[in-house]
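Everything in the sequence shown is counted per my numbering, starting at 6 for the first residue and increasing by one.
A virtual CB, placed ideally from N, CA and C, is assigned to each residue, including glycine.
Computed from a predicted model, the values in this text were never measured in an experiment.
Shown next, in structure tokens, is the structure this report addresses.
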Amino acid sequence: MAVLQLFFLTFITGVCSQTPKDIYVKAGEMVTLHSEVCKVNDTATLWKQETDQTIYVYSNMSAAEQRRMGVVLYKNCLVILRASGNHTGNYSCHYLRSNHSQRFTLTVYTPQSKEYDEKNQFSDLCYTPGSCQMFCPSVNTPPKDFKPNGTTWHTENGELSSGYFSSVEEKDSGVYICTRSYAYSGQIYNITFTVILDVQRENPVKNLGISFPNDGQVFEVEVGKRAEIPCKALTDSTLDPSSPFWLSGSSFVEEDNRNARVYFSFSFDNRTEQMTATLTFKEVKEEDLSTKFTCKLESEIKPAFATITLTKIAQPSYTALAVCSIVIVLVMILTVVVYSKFKVDITLFFRDALGCRSSTSDGRSYDAFLMCYMSDTDKGLNEDDRRQLENTLEERFGYTLCLYDRDILPGQAVAETVLESTEQSRAVVLVPCSSDPGPGIGLLSAIHEALVERKTRLILINTKLTEGSKSDSLPEALQLLCKAGDCVTWKGSPPSSTFWKELRYHLPAPQHAPRRAHRLLSQTGYEVPSL
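Below is the structure:
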């Protein structure tokens with residue numbers, strides 16, 4: 006009867022057809038098929054290999070027959086002690102007291118197969134710089150009769166490893182092979198697993214609690230205006246679902262009540278896991294300034310609160326603004342007055358301090374053309390004064406002068422020579438003389454036209470007597486030149502320091518550096534002033 010029963014069971018596929026469970030193993034290693042359906046009860050369990058629909062093993066098979074086949078049937082487990090290519094195929098377990106069955110697909114790979122490593126991979130995660138103990142997977146473990154005989158670790162390159170790092174580093178990441186060994190009936194059987202170790206930097210500890218505002222913080226608000234104050238908190242949402250809320254004094258502030266004058270609204274940022282409870286005042290009133298508002302987080306992990314107060318925005322001080330404006334205006338006025346009074350000294354100071362020199366790129370050879378004209382009365386400079394003027398400008402201040410009686414050769418056409426000298430000079434200085442050492446007053450009209458055309462500076466030297474003369478008494482050509490140029494008053498000898506400063510101020514900077522040493526002018530007997 007038992008034989009007929011087994012023969013009949015060969016063709017049973019089971020009423021409940023399930024998707025086969027994939028099992029992978031390396032050749033020569035042990036593999037266990039665990040059935041959740043089949044339970045050993047006399048002859049109630051049947052395992053078969055479906056390749057040729059033959060009975061593989063059944064529950065009342067003798068131990069000797071099982072050892073001959075290289076398998077062990079233990080309760081609901083079928084253990085293949087050393088898998089080989091012949092074991093590849095589909096397996097099914099049938100529970101004879103019901104119509105249930107469970108199916109498996111077993112694939113046996115060669116020891117060198119990379120495909121097995123890919124299909125049988127497990128991951129492990131550790132954080133640097135802490136310790137790391139890798140775990141060998143407990144998958145398809147054999148029954149308790151198989152005694153554990155230790156676990157060994159190797160790197161992908163075959164180097165022996167302990168599977169433990171006292172201070173793991175990122176460079177320790179990689180592929181590791183763990184081998185679980187089991188002892189059974191005097192033999193050792195192995196199961197290997199591939200473990201991918203991923204070492205990462207330790208996650209920063211979350212600063213749980215209320216991050217804003219600070220307890221006791223004061224916020225400036227404008228009475229009669231809208232105001233919003235956010236309360237930001239961070240909790241571990243997986244362990245603590247609490248969220249922040251607001252209190253006005255000891256009373257709860259309503260949430261999302263848009264009709265209330267004071268309410269709070271809640272928001273959550275999924276990326277940062279930060280919660281925000283925003284306290285909103287539609288209109289700030291005076292009574293709010295004397296009320297304490299508290300943001301509270303009743304967390305089981307880290308409860309927290311922050312109490313704040315409101316104060317009026319400080320009004321801007323217009324007094325300070327007015328004082329600053331007055332000071333700025335006074336400084337500007339003082340600057341203008343000082344510059345107007347001392348502009349000559351200031352200009353000469355910067356000219357000497359910075360070493361300013363006239364550029365020779367304009368093609369002019371002289372700094373100034375000193376041109377004397379005969380005064381109509383005995384009001385001009387005498388011969389000694391004129392020599393002092395010439396020598397001081399050249400010797401003391403370094404000016405390159407064009408002098409009529411020195412640089413213009415006799416026999417040349419006077420008018421053309423004077424005009425040419427004017428064009429070659431950066432400035433023209435008209436000097437009234439008691440005698441007539443120059444070309445005469447008749448050329449002044451022609452000089453005026455040349456000065457206007459070339460935009461040449463013009464300086465007229467007056468004496469105290471000519472300064473007081475009416476302009477109507479001067480020749481017409483000289484009147485035009487007086488209007489076009491700058492006047493400097495000669496104040497007699499010895500020369501006044503003010504005169505030389507004013508003359509230098511109106512003249513362009515010299516081409517050459519002045520001679521700093523004092524010297525006595527042997528031609529006149531006068532000492533050059535020190536400025």
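Quiz item: According to DSSP, is Ala-238 helix, strand or coil?
Solution: strand
Quiz item: If you drop the 5 nearest sequence neighbours on each side, which residues of the same chain put their C-beta closer than 8 Å to that of Pro-25?
Solution: Asn-95, Arg-108, Phe-109 and Thr-110
Practice problem: Kindly confirm or deny that the region 280 to 296 and the region 248 to 256 touch, where touching means at least three C-beta pairs closer than 8 Å. | Solution: yes
Quiz prompt | Distance between beta carbons of Ile-466 and Val-493, contact taken as under 8 Å | solution = 6 Å
Quiz item: Tell me the DSSP bridge mates of Val-289?
Solution: In the DSSP output, where bridge partners are listed per residue, Val-289 has none listed.
Quiz item: Near Gln-205, what residues of its chain come up, given a Cβ to Cβ distance below 8 Å and the 5 sequence neighbours on each side ignored?
Solution: Leu-130, Cys-131, Tyr-132, Thr-133 and Glu-175
Self-check item: Inter-residue CB distance, Thr-397 and Tyr-510 (contact presumed, cutoff 8 Å)
Solution: Actually they are not in contact, since the Cβ atoms of Thr-397 and Tyr-510 sit about 15 Å apart, beyond 8 Å.
Practice problem: Return the first residue and the last residue of the alpha helix (DSSP H) that His-511 is part of. | Solution: 502 to 511
Quiz item: Taking the alpha-carbon positions, what's the Thr-461 to Glu-421 distance?
Solution: 17 Å
Quiz item: Touch check for the region 258 to 278 and the region 286 to 303: three-plus C-beta pairs under 8 Å?
Solution: yes
Quiz item: How should Leu-359 be labelled, buried or exposed, when 16 other C-beta atoms within 10 angstroms of its C-beta is the threshold for buried?
Solution: exposed
Quiz item: What is the C-beta distance between Met-139 and Gly-163, in whole angstroms, given that I count them as a contact (C-beta under 8 Å)?
Solution: So it is not a contact: roughly 17 Å between Cβ atoms.
Exercise. Can you have a look at Gln-222 and say buried or exposed, based on whether 16 or more other CB atoms are within 10 angstroms of its CB?
Key: exposed
Quiz prompt | Check: Ile-234 C-beta below 7 Å from any heavy atom of the ligand ZN | solution = This structure simply doesn't include the ligand ZN, nor any ligand for that matter.
Quiz item: What residues in its chain sit with their C-beta under 6 Å from that of Ala-188, if we drop five residues either side in the sequence?
Solution: Lys-152 and Asn-154
Practice problem: Mark Ala-68 as exposed unless 16 or more other C-beta atoms lie within 10 angstroms of its C-beta, in which case mark it buried. | Solution: exposed
Practice problem: Could you tell me if Val-436 is buried or exposed, where buried requires 16 or more neighbouring beta carbons within 10 angstroms of its beta carbon? | Solution: buried
Quiz item: Using a Cβ-Cβ distance under 8 Å, would Asn-65 count as near chain B?
Solution: Among the protein chains of the structure shown there is no chain B, as only one such chain exists.
Exercise. Take Glu-303 and list the residues in its own chain whose beta-carbon comes closer than 6 Å to its own, dropping the five residues that flank it on each side.
Key: Ser-247
Quiz prompt | Nearest to Asn-195 (by Cα), restricted to the options Ser-171, Trp-158 and Ser-439 | solution = Trp-158
Exercise. Flag this pair as yes or no: are the beta carbons of Ile-215 and Cys-236 separated by less than 8 Å?
Key: yes
Exercise. For the region 26 to 43 and the region 80 to 92, state whether three or more C-beta atom pairs, one from each stretch, are separated by less than 8 Å.
Key: yes
Quiz item: Alpha carbon to alpha carbon, how far is Asp-47 from His-99?
Solution: Note on Asp-47: pLDDT 43, under 50, position unreliable in the model; no value is reported.
Quiz prompt | Reference Val-419; option with closest CA among Gly-385, Ser-439 and Met-376 | solution = Met-376
Quiz item: Roughly how many whole angstroms lie between the Cα atoms of Ala-49 and Asp-122?
Solution: Summary for Ala-49: the model assigns pLDDT 49, below 50, so the residue's position carries little reliability; its value from the coordinates is reported in the next sentence. Their backbone Cα atoms lie some 37 Å apart in a straight line.
Exercise. Take Arg-459 and list the residues in its own chain whose beta-carbon comes closer than 8 Å to its own, dropping the five residues that flank it on each side.
Key: Thr-427 and Glu-428
Quiz item: Span of the beta strand (DSSP E) holding Cys-377?
Solution: 373 to 379
Quiz item: So, helix, strand or coil for Ser-128, using DSSP?
Solution: strand
Quiz item: Rounded to a whole number of angstroms, what is the C-alpha to C-alpha distance between Ser-255 and Ser-295?
Solution: 14 Å
Practice problem: Whole angstroms is fine: what's the gap from Thr-324's alpha carbon to Glu-225's? | Solution: 22 Å
Quiz item: Considering only residues of the same chain and omitting the five flanking positions on each side of Asp-177, which have a CB-CB separation below 7 Å?
Solution: Phe-170, Leu-202 and Val-204
Exercise. Compute the distance between the beta-carbons of Ser-430 and Phe-374, then report whether it is under 8 Å.
Key: yes
Quiz item: For the alpha helix (DSSP H) that Gln-539 lies in, which residues bound it at each end?
Solution: Nothing in the structure corresponds to residue 539, since the chain is present only between 6 and 536.
Quiz item: What is the rounded straight-line gap between the Cα of Val-200 and the Cα of Gly-179?
Solution: 8 Å
Quiz item: Per DSSP, Glu-388 is paired with what?
Solution: None; Glu-388 has no bridge partner.
Quiz prompt | Beta-bridge pairing of Leu-302 - partner residues as DSSP gives them | solution = Ala-309
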